[in-house]
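J.:
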Amino acid sequence: MNSILEKLLEEELRIVNKHLPYKRASLREMLLEERPEIVLRDGSKHLFDKRELRLLRGLLEGDRDIELPIIIYYLGGGVYMVSGRENVEVVSKVLGRERAPESDKIYLSRSEVIDLRATLRTTTTIVFTPQVMGE
């Protein structure tokens, strides 16, 4: 019985997360592309807005790089999370939030995700996690 539920959950997650890329691309790489795009799991292509790419480049210090799109994990109950030091740095700056210098995770409210996605619409994506599907 448990394996049937696990298979159903796996299939549901595959369906709701079909907008995710097969492979993420570096910001540096996308800035060099004439048409910065990636292929998604459903076979469609996702085009990054060059203005967003330039904004991200300006928010990162030195020659640091990030993988795109920035993944926003939905944890349930209106709580979201972004991980990775560079991602946290960028998200904190976009939202005007203070962060610990070595922090590699940031938790966001629904309203913060709305604000973040308003600024970084094409360079962020939301992932639904198993605990959410099980709610």
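Position one of the sequence shown corresponds to residue 0 (numbering that gives the first Met the number 0), numbered consecutively onward. Each residue gets a CB set at the ideal place from its N, CA and C atoms; glycine is no exception.
Helix, strand or coil for Ile113? Go by DSSP, reduced to three states.
T.: Of the three classes helix, strand and coil, the one that applies to Ile113 here is helix, per DSSP.
J.: According to DSSP, is Gly133 part of a helix, a strand, or is it coil?
T.: In this prediction, Gly133 has a pLDDT of 42, which is less than 50 and means its spatial position is unreliable; what the coordinates show is noted afterwards. It is coil, neither helix nor strand.
J.: Could you check whether Arg98 and Ser91 sit closer than 8 Å to each other, using their CB atoms as the reference points?
T.: In this structure, Arg98 lies closer than 8 Å to Ser91 by Cβ.
J.: For Leu31, which of helix, strand or coil comes out of DSSP?
T.: In this structure, Leu31 counts as helix in the three-state DSSP scheme.
J.: Classify Thr123: buried if its beta carbon has 16 or more other beta carbons within 10 angstroms, exposed otherwise.
T.: It counts as buried.
J.: Going along the chain, which residues of its own chain have a beta-carbon closer than 6 Å to the beta-carbon of Gly77, five neighbours each way excluded?
T.: Excluding residues within five positions, the ones whose Cβ falls inside 6 Å are Arg109.
J.: Strictly by DSSP, which residues pair up with Thr118?
T.: Paired residue(s): none; Thr118 is not in a bridge.
J.: Which class does Ser43 belong to by DSSP, given the choice of helix, strand or coil?
T.: In the structure shown, Ser43 sits in coil (DSSP, three-state: anything other than H, G, I, E or B).
J.: Over the uninterrupted alpha helix (DSSP H) stretch that includes Ser108, give me the two end residues.
T.: First-last for Ser108: 104-108, but that is the beta strand (DSSP E), not the alpha helix (DSSP H).
J.: Nearest-angstrom Cα distance between Leu58 and Val89?
T.: Answer to the nearest angstrom: the Cα atoms are 6 Å apart.
J.: Please classify Gly57: does DSSP put it in a helix, a strand, or coil?
T.: Gly57: helix per DSSP, three-state reduction.
J.: Please report the distance separating the alpha-carbon of Leu19 from that of Val126.
T.: Cα to Cα, Leu19 sits roughly 8 Å from Val126.
J.: Considering only the alpha carbon of each residue, which of Gly75, Arg40, Ser25, Ile37 lies closest to Arg56?
T.: Ranking Gly75, Arg40, Ser25, Ile37 by Cα distance to Arg56 puts Ser25 first.
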